[in-house]
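J.: Have a look at this one.
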Amino acid sequence: MAEVKSVEEKVAEVRKSKQDELADLDLQIKREELEQLRLTREERQYSIRKLKQDLADREVKDLQKSSDRETRGLAFRRDKTSNELRWKSCTHKKGGNVSERDMKVLHYGGNSEQYAVIRHMFPNGDIWTHCQRCGKTWKPPVKANFYFDERGVVVPEKLGTFDQERFNKTLKEYHEALQFPTKNTMSSSHVFSFVRINEKGERIDAKEETRLAMKDVDLT
Ligand SMILES: [Zn+2]
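With the numbering used here applied, the sequence shown corresponds to residues -8 to 211, in that order.
Right, here's the structure in full:
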């Protein structure tokens, strides 16, 4: 005999099945949420790994850069020291005997009254004196070249301390070199005044600026 269900029973059955369905849906949503969370976590972990790698790469690059700079600085300082030694040992004078055995007078200068220097006047009126024997060039000192760090290395203005004494010494040597007697004639560029018009339309004497622009230039 077929089971006869009462209305209440049927309603209860439907309710039960709907509740099961709801529970299933709920479970599914929770699973998806979990999956989403897992993905987010993996993504975040990947980003962290990538960031760490990038940072490590950058650190390696920075290290490389600074070691390149150190090497270049060292080579530059070594050159500078050997130049300065040569300049110091030179008399900057003509004369002396050059023999096959002894060529050093060519680089260390002779003993004549006359100096082995040539002078050149630049368009801004500056005069540079250049020794033909050792290659030393005396030019008006520029303040920007007299900032030193604690190791005594020339550094940009902001990073060092200005050495007034060294500046004065170089200025004095520059004036002395201008007095070296020589029969060599001075070469010159056409001399004109350097004027720059600034944003306000004022005329600015650009002589010092020209000097600054040529601060690292030497005659060879
Ligand atoms: Zn010299």
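Glycine is no exception: its CB is placed at the ideal position from the N, C-alpha and C atoms.
Please name the residue in Cys125, Phe137, Trp119, Gln123 whose C-alpha comes closest to that of Gln131.
T.: For the purposes of this step, residue 131 is taken as residue 140 along the sequence shown, with counting starting at 1. One point to set straight first is that residue 131 is Pro, not Gln, in the sequence displayed. Comparing Cα positions, the closest option is Trp119.
J.: Tell whether a beta-carbon distance below 7 Å holds between Leu227 and Val133.
T.: Since the first residue of the chain shown is -8 and the last is 211, residue 227 is not available in this structure.
J.: For Ser73, which of Glu167, Lys127, Pro147 has the nearest alpha-carbon?
T.: For this step, residue 73 is matched to residue 82 along the sequence shown. Of Glu167, Lys127, Pro147, the residue nearest in Cα terms is Lys127.
J.: Note down the Cα distance separating Thr176 from His111, rounded to an integer number of angstroms.
T.: Position 185 of the sequence shown, counted from the first residue, corresponds to residue 176. Position 120 of the sequence shown, counted from the first residue, corresponds to residue 111. C-alpha separation (whole angstroms): 9 Å.
J.: When you compare only the Cα positions, how much space is there between Gly143 and Asp70?
T.: Translated into the one-based positions of the sequence shown, residue 143 becomes position 152. Translated into the one-based positions of the sequence shown, residue 70 becomes position 79. About 16 Å.
J.: Candidates Gln155, Lys52, Tyr138, Phe158: which alpha carbon is nearest Lys149's?
T.: By 1-based counting over the sequence shown, the position of residue 149 is 158. Of the listed residues, the one whose Cα sits closest to Lys149 is Tyr138.
J.: Give me every residue whose Cβ sits closer than 6 Å to any heavy atom of ligand 1, in chain order.
T.: Those residues, listed in chain order, are Cys81, His83, Gly100, Cys122, Arg124, Cys125, Lys127.
J.: Which residues does DSSP pair with Ile109 in a beta bridge?
T.: The residue you call residue 109 lines up with position 118 of the sequence shown. Its beta-bridge partners are His121.
J.: Can you name the residues that DSSP bridges to Trp129?
T.: Numbered from its first residue, the sequence shown carries residue 129 at position 138. Thr120, per the DSSP bridge assignment.
J.: Which residues bound the beta strand (DSSP E) around Val186?
T.: On the sequence shown, position 195 is the one that residue 186 refers to. Element bounds for Val186: 186 to 188.
J.: When we look at the beta-carbon of Ala66 and count the other beta-carbons within 10 Å, is it buried (16 or more) or exposed?
T.: Here residue 66 refers to the residue found at position 75 of the sequence shown. The residue is exposed, with fewer than 16 neighbouring Cβ atoms inside 10 Å.
J.: Provide the residue span of the alpha helix (DSSP H) that contains Asp17, from first to last.
T.: Looking up residue 17 in the sequence shown gives position 26. First-last of the alpha helix (DSSP H) with Asp17: -2 to 80.
J.: Is DSSP giving Lys84 helix, strand or coil here?
T.: Against the sequence shown, residue 84 aligns to sequence position 93. Reduced to three states, the DSSP call for Lys84 is strand.
J.: Less than 7 Å between the C-beta atoms of Lys79 and Ala107, yes or no?
T.: Within the sequence shown, numbered from 1, the residue matching residue 79 stands at position 88. Within the sequence shown, numbered from 1, the residue matching residue 107 stands at position 116. Contact flag unset, no.
J.: Grab me the residues of Phe185's own chain with a C-beta within less than 6 Å of its C-beta, minus the 5 sequence neighbours each way, in chain order.
T.: Here residue 185 refers to the residue found at position 194 when the sequence shown is read from its first residue. The residues are Asn115, Ala197, Lys198, Thr201.
J.: Let's test the definition: count the other Cβ atoms within 10 Å of the Cβ of His166 and tell me whether it reaches 16, buried, or not, exposed.
T.: Here residue 166 refers to the residue found at position 175 when the sequence shown is read from its first residue. Exposed, since its Cβ has fewer than 16 Cβ neighbours within 10 Å.
J.: Let me check understanding here. Comparing Cα to Cα, which of Glu12, Leu46, Arg29, Asp117 lies closest to Leu162?
T.: Within the sequence shown, residue 162 is the residue found at index 171, counting from 1. The candidate whose alpha carbon is nearest that of Leu162 is Asp117.
J.: Do Ser58 and Phe113 count as a contact pair if the criterion is CB distance below 7 Å?
T.: To locate residue 113, count along the sequence shown from 1; it is residue 122. To locate residue 58, count along the sequence shown from 1; it is residue 67. Cβ distance not < 7 Å, so Phe113 and Ser58 don't count as in contact.
J.: When we look at the beta-carbon of Arg124 and count the other beta-carbons within 10 Å, is it buried (16 or more) or exposed?
T.: For the purposes of this step, residue 124 is taken as residue 133 along the sequence shown, with counting starting at 1. Buried is the call here.
J.: Measure the alpha-carbon distance for Arg29 versus Lys41 and round it to whole angstroms.
T.: Within the sequence shown, numbered from 1, the residue matching residue 29 stands at position 38. Within the sequence shown, numbered from 1, the residue matching residue 41 stands at position 50. Each residue's Cα considered, the two are about 18 Å apart.
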